[in-house]
Amino acid sequence: MRKKLLGVTLAVMTLALAACGSKDNTTQKENEQKVTTRVAVDSENNKVEIPAEPKRIVDLSGSSDILSVLGFDVVGTCNSDGYDYTKLPSYLEDSLKDAKILGYSMSDTVDVEAIIGLNPDLIIISKVQAAAKDQLAKIAPTLVVNLEQVDFKKDFNAVAKIMDKENEAKQWLENYDKTASEVSALMKEKLGENATYLSFLASAGSNFVFTNAALGNILYDDLGLARPAKLPEQNDMTLPVVTNEGLAKIDADYMFVVATDEDKANLEKDAVYQNLRAVKDNNVIMLTASPYFNQGYSPVGRLVFLEELKSFTEELSK
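Structure (structure tokens):
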């Protein structure tokens, strides 16, 4: 009888312990579930529950380079080359080499089937693709991220805040500023403390001046180099446009000209362009439209350009 009672007691205790263990496991799983997601607030002030550490991001917004810098894996991207939407620009071939190209970030076309095939756990779009938001949200949590494309640090920090990576952004930007300071000192030493600079895109007979954006933002804001006295103003992401005669009025000491081979040839045949002071002094760096038109809008591209400026400075100082 005692043996039977002991057996019953042990059985009851075992069941009780199992129940407790099961309850503990359930609680642990619930706690794990709670910490694997978080609520993000996107550029449109939408509150979206997303993975705390997303592993398969599809980005259509043009933020892929920022996301890669912040340590995220991008499996689908629209950060394609501005002149060939089927390939990555050269400065992103390493950081986004494993991402499938889904188009161009300024296009409202969305390849839903390709996105589904990538099995994303997070989708990022801009207002350009807003019409597809509800459809994409059925595939994975979807955030809207809008880049202003003027102040790159503002855009960089905005994405970092949404993705809860502000410390990583701070560290990257500090390293970037350190490199910029070194390049600035080199350029001022080799080319003159007060030398003025102009950068523009030559396209189909017009010249789109990088005043506050892209390469201009690098030269004037990141490097602290001097602006020409008659540099046109830029109030938004739209680049000011000037004629070749307008370039003559700006009259910079040094120029960075972004152009296709055809546009370069047309410039070099133009008498007004040939009489620009910087051209006559051989103080011009010609840059191919692909990738340099887009390069100044990318944090990765900007860092690459800073490194390239070291060799450009040596070339201009000869």
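Note that the numbering used here has the sequence shown beginning at 898, numbered continuously upward. For each residue, glycine too, the CB sits at the ideal point set by N, CA and C. If you're wondering where the values come from, they're calculated on a predicted model, not measured in any experiment.
If we call anything under 7 Å between Cβ atoms a contact, is residue i one with residue j?
i, j, result
"N943", "G959", "no"
"N1091", "A1123", "yes"
"I947", "F969", "no"
"I1022", "L957", "yes"
"I1036", "I1013", "yes"
"L1128", "T1108", "yes"
"V1139", "N1104", "yes"
"M1134", "Q1046", "yes"
Label residue i either buried or exposed according to how many other C-beta atoms from any shown protein chain fall within 10 Å of its C-beta, with 16 as the threshold for buried.
i, result
"D1178", "exposed"
"S1002", "buried"
"A1028", "exposed"
"S1078", "exposed"
"S1208", "exposed"
"M1152", "buried"
"T983", "exposed"
How long is the line joining the alpha carbons of residue i and residue j, rounded to whole angstroms?
i, j, result
"A1066", "P1188", "24 Å"
"L1213", "A1149", "14 Å"
"A1168", "K1215", "25 Å"
"D939", "P951", "15 Å"
"E1130", "T1210", "26 Å"
"V1176", "Y1170", "7 Å"
"N1163", "A949", "52 Å"
"N1172", "S1004", "39 Å"
"D995", "N1180", "39 Å"
Could you pull out every residue in the same chain whose Cβ sits closer than 6 Å to the Cβ of residue i, ignoring the five residues on either side in sequence?
i, result
"E929", "Because the pLDDT at E929 is just 47, under 50, the model does not fix this residue reliably, and the point stays unresolved."
"D1008", "L999"
Rounded C-beta distance between residue i and residue j? I'm assuming under 8 Å.
i, j, result
"F1190", "L1088", "Not a contact, Cβ separation roughly 24 Å."
"V1042", "V1056", "6 Å"
Give every residue of the same chain whose Cβ lies closer than 8 Å to the Cβ of residue i, excluding the five residues on either side of it in the sequence, and list them in chain order.
i, result
"Q1192", "P986, Y988, A1111, L1112, G1198, R1199, V1201 and F1202"
"M1060", "A937, L964, L967 and F969"
"L1015", "R953, V955, V972, G973 and K997"
"E1142", "V1169"
Short of 7 Å in beta carbon distance, which residues of its chain neighbour residue i, apart from the five on each side in sequence? Order them along the chain.
i, result
"W1069", "V966"
"D1119", "A1077"
"L1083", "K1207 and T1210"
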